[in-house]
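When the letters of the sequence shown are read in order and numbered with my numbering, they come out as residues 492 to 1194. Encoded as structure tokens, the structure appears first; notes follow it.
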Amino acid sequence: MPTRCSSAALWTGRKTATLPWGKEDAGAPVTKDKNTFMSQDTRALPEKSLQRSAKVVYILEKKHSRAATGFLKLLADKNSELFRKYALFSPSDHRVPRIYVPLKDCPQDFVTRPKDYANTLFICRIVDWKEDSNFALGQLAKSLGQAGEIEPETEGILTEYGVDFSDFSSEVLECLPQDLPWTIPPEEFSKRRDLRKDCVFTIDPSTARDLDDALSCKPVADGNFEVGVHIADVSYFVPEGSSLDKVAAERATSVYLVQKVVPMLPRLLCEELCSLNPMTDKLTFSVIWTLTPKGKILSEWFGQTVIRSCTKLSYEHAQSMIEGPTRKIPEEELPTVSPEHTSEEVHRAVLNLHRIAKELRQQRFVDGALRLDQLKLAFTLDHKTGLPQGCHVYEYRDSNKLVEEFMLLANMAVARKIHCTFPEQALLRRHPPPQTKMLNDLVEFCGQMGLPMDFSSAGALNKSLMETFGDDKYSLARKEVLTNMCSRPMQMALYFCSGVLQDQAQFRHYALNVPLYTHFTSPIRRFADVLVHRLLAATLGYGELPDVEPDALQKQADHCNDRRMASKRVQELSTSLFFAILVKESGPLESEAMVMGVLSQAFDVLVLRYGVQKRIYCNALPLQSYHFQKVGKKPELTLVWEPEDAEQGPAQQVVSIFSLVEVVLRAEATALKYSAILKRPGTEGLLDWQDEQGGQDLAEEQD
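Spelled out as structure tokens, the structure:
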């Protein structure tokens, strides 16, 4: 059987490729899928130096957009035949080959005035790559604008990753309700459980406009609680097989950029008809439990419902309620609450949910769940220019944890329900264990560093991270670095059809340490959740099972995985774009950093205030000399600094893993590039990052 690997990873115009699987210094491992068949060729290689290589045999499906952003240049050899026919396209992404572009595609005056276009960003698509050429052939798609500006750069990112950001077609918009304002048809009330009199509310970021989940919590006579998770019934507005359904399936996810959202569904649905806006009747799909104060499930109900949210809380509102349990919060500090309920009633419900969520969370980690927190940046933007004015590490607080616990509880409950009814056609989400080679390397590293880390299971790793480090600044920094290292062997969680995987052990979600999991709670922004809603509706007898075979459902699951991965990468690049602009406009920026890797002529640091990783090169520093050595198995660089004045001698600094250093982030002349420079030891101005910590769960699964 031939080995399979990603066509996107290979830039499949080439006929052969060498794949450094498991090599940490070669970048992320190539993911394997069913789109490119490859055969291994390991002839004439000594066993110890065996390098896996492969040859592309046939491409089943071209998954990469073949698009790249970059710059146009004239060819160097003016006397060549190529000079008269082609320009050279130089991609911004160094992993993409340079491309010959026909001059007829270029601006008319490009040959005579090439310098006028030196800072113009273009989109080019690869159309061919001859086996005997170092350069690919391509077509120039469009001019984006000036490099370094937010919108041209953003459009380039979206295009490279195949994100459809075009307006929805008239055919798609015709699928939406045409008589506005829309009201719920009377027959729906007879089919659904009416919860409009219940105290139901949303908790979201203050800027959120697509509110797809709401919560309720009311005490019952025996001291227990009736807790509800109410999710927008998006599937009601997206008929299976319609043009709207097809475009949502193709987009598969909303894409969140720093400055805007590229929605999966038209805004009329995202922000009005489906969004659980306060004091408006909304169609929902609910999971309602009877829970003890300790979070034990006594009963569970699933069904279609109608709610009327009484208020729209932000995370900040909910946090103030949690932090002031006996405080009467002034009306002006809270959003409007509908007349049927009071702010005190909402406050009590939030406190009860918080207490139960703490119990659920504690039990999850007792049961072996893992959480890997990494720093996540949030920006403040200038309303007029859109430029970043500042940034801060997003703080993940008790109000976030409250919402997360009940979304996890609902997702797990729905996974069990649909799999029990449709064991061959359930759309689930699995999280494979870490990659063995990378995990073994990390185990060896921790042993060398004297860190008592247990990697035998997700729960053991989580316990090690919680117990190994103290609360002082240095210990917290080491924990940040090691958490970052632990995230590297982790694999992506994947949607899959239960009828395609034969071994149920592979259904497990590693980070959550549960046998069954799915996505149900965000159907406005994830198509997988819409499919799960349809399955749950069929489970409960509201409709028929969607007419799809397991293999076809798996294909849709694969597409959702691809688009989710692309969306994640686009979000990361958008954050990087805005941070680079911030460094350029507001820098230089100073921060403490911790060394996370040492090479012979450079070292890598995690910049603690901003959560970015940078490589610092010795030849960029004012050093007299530097020396690399291994002390035991631990790599070290000894830096000898030039004296600042004639009366001083050279300063010596030893850099090793977990060294705490000071760095300056400084913009470079090249658009949107910045470098990290090590500050000379003893320089004043060390910045304290400890009070600014926050995090994002990389292991999964925040809604």
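Quick reminder that beta carbons are idealized off the backbone N, C-alpha and C, glycines included. These numbers were taken from a predicted model, which means no experiment stands behind them.
Checklist entry - When you compare only the Cα positions, how much space is there between H832 and V691? => result Straight-line Cα distance between these residues: approximately 10 Å.
Next on the checklist: Among R616, S745 and F716, whose alpha-carbon lies nearest the alpha-carbon of E791?
Outcome noted: If we check each option's Cα against that of E791, F716 comes out closest.
Next on the checklist: For N526 and L551, what's the separation of their Cα atoms in angstroms?
Outcome noted: Unreliable placement is indicated for N526, whose pLDDT of 43 sits below 50; the coordinate value is still reported in the next sentence. Rounded to the nearest angstrom, the gap between the Cα atoms of N526 and L551 is 5 Å.
Checklist entry - Which value, in whole angstroms, describes the spacing of the CA atoms of H1050 and K554? => result Answer to the nearest angstrom: the Cα atoms are 10 Å apart.
Checklist entry - Apart from the five residues just before and just after Q449, which ones in its own chain have a Cβ nearer than 7 Å to its Cβ? => result Past the edges of the chain, shown from 492 to 1194, lies residue 449, and the structure says nothing about it.
Checklist entry - Do A1002 and H910 have their CB atoms nearer than 8 Å? => result The answer is no: Cβ separation not under 8 Å.
Checklist entry - Assuming A578 and E651 make a contact with CB atoms under 8 Å, what is their CB distance in whole Å? => result Between A578 and E651, the beta carbon gap of about 20 Å keeps them out of contact (Cβ cut-off 8 Å).
Item to check | With 16 other Cβ atoms within 10 Å as the buried cut-off, status of P537 | outcome: Any reading at P537 must be qualified, since the residue scores a pLDDT of 48, below 50, and its modelled position is unreliable; the value itself is stated next. Burial call: exposed.
Checklist entry - Measuring CB to CB, does I694 end up less than 8 Å from V894? => result Yes, they are a contact pair.
Item to check | Residues near K514 by beta carbon distance below 6 Å, same chain, minus five either side | outcome: Any answer about K514 is weak, because its pLDDT of 29 lies below 50 and its placement is not dependable; what the coordinates show is given next. Once the five neighbours on either side are set aside, K514 has no close Cβ partner at all.
Next on the checklist: Please tell me whether M898 and D701 are closer than 8 Å, where the distance is taken between their beta carbons.
Outcome noted: No, the pair does not count as a contact, with Cβ atoms beyond the cut-off.
Checklist entry - For the alpha helix (DSSP H) that contains E935, what are its first and last residues? => result E935 -> alpha helix (DSSP H) spans T927 to M940.
Checklist entry - What's the C-alpha gap between D713 and V720? => result In a straight line, the C-alpha of D713 is about 21 Å away from that of V720.
Next on the checklist: Do I614 and I1072 have their beta-carbon atoms positioned less than 8 Å apart in this structure?
Outcome noted: It is not a contact, given that the beta carbons lie outside the stated cut-off.
Next on the checklist: Here's the rule I'm using: 16 or more other beta-carbon atoms within 10 Å means buried, otherwise exposed. How should M1087 be labelled?
Outcome noted: Counting Cβ neighbours within 10 Å, M1087 comes out buried, since at least 16 surround it.
Checklist entry - Does DSSP put Y965 in a helix, a strand or coil? => result In the three-state reduction of the DSSP assignment, Y965 falls in the helix class.
Next on the checklist: I want to know whether the region 1143-1162 touches the region 1089-1108 - three or more CB-CB distances under 8 Å.
Outcome noted: In short, these stretches touch, since the Cβ pair count reaches three.
Checklist entry - Could you check where the beta strand (DSSP E) with T560 kicks off and where it finishes? => result Note, T560: beta strand (DSSP E), A558 to K564.
Item to check | As assigned by DSSP and simplified to three states, the class of P980 | outcome: Looking at P980 - three-state DSSP - the assignment turns out to be coil, as it is neither helix nor strand.
Next on the checklist: Checking 8 Å against the spacing of the C-beta atoms, do T796 and T827 come in under that value?
Outcome noted: No, they are not a contact pair.
Checklist entry - Can you pull the DSSP bridge partners for G636? => result G636 is bridged by DSSP to L612.
Next on the checklist: Taking DSSP's pairing of strands, which residues face G881 in a bridge?
Outcome noted: BP columns for G881 point to T871.
Next on the checklist: Assuming M1087 is part of the beta strand (DSSP E), what are its boundary residues?
Outcome noted: Following the DSSP letters along the chain, one finds M1087 inside the beta strand (DSSP E) bounded by residues L1080 to V1089.
Checklist entry - Where do the ends of the beta strand (DSSP E) carrying H1010 lie? => result Looking at the DSSP string, H1010 is not in any beta strand (DSSP E), and its letter there is neither H nor E.
Checklist entry - Between the C-alpha atoms of Q1120 and L1090, what's the straight-line distance to the nearest angstrom? => result Looking at the two C-alpha atoms, the distance is approximately 10 Å.
Checklist entry - Near L842, which residues of its chain fall below 6 Å by C-beta distance, leaving aside the five closest residues on each side in sequence? => result Cβ within range, chain order: P816.
Next on the checklist: I believe S734 touches C666 by the beta-carbon criterion, under 8 Å. Please report the beta-carbon distance rounded to the nearest angstrom.
Outcome noted: With 8 Å as the limit, S734 and C666 qualify as a contact, their Cβ atoms being about 6 Å apart.
Checklist entry - Among the residues of its own chain, which have a CB less than 6 Å from the CB of D1020, if the five just before and after it don't count? => result Answer for D1020: H1010, F1011, S1013 and P1014, listed in chain order.
Item to check | Rounded separation between G636 and R616 - CA only | outcome: For G636 and R616, the gap between their C-alpha atoms comes out near 17 Å.
Item to check | Beta-carbon proximity list for S583, same chain, < 7 Å, skipping 5 on both sides | outcome: Closer than 7 Å at the Cβ level, and outside the excluded window around S583, lie T560 and G561.
Item to check | Alpha-carbon to alpha-carbon, A984 and P925 | outcome: For the pair P925 and A984, the Cα-to-Cα distance works out to about 11 Å.
Item to check | Contacts around F626, its chain only, beta-carbon distance under 7 Å, and the 5 residues preceding and following it disregarded | outcome: P588, R589, I590 and Y591.
Next on the checklist: Buried or exposed, going by whether 16 or more other CB atoms sit within 10 Å of the CB of H874?
Outcome noted: Burial call: exposed.
Item to check | Candidates L782, L628, E1063 and D1042, of which the one nearest L918 by Cα | outcome: It is D1042.
Checklist entry - Hey, would you say V1145 sits closer than 8 Å to E1127, going by beta carbons? => result A Cβ-Cβ contact shorter than 8 Å links V1145 with E1127.
Item to check | Residue closest to R683, alpha-carbon to alpha-carbon, out of K1105, A1028 and R1055 | outcome: The alpha carbon of R683 has as its nearest neighbour, out of K1105, A1028 and R1055, the alpha carbon of A1028.
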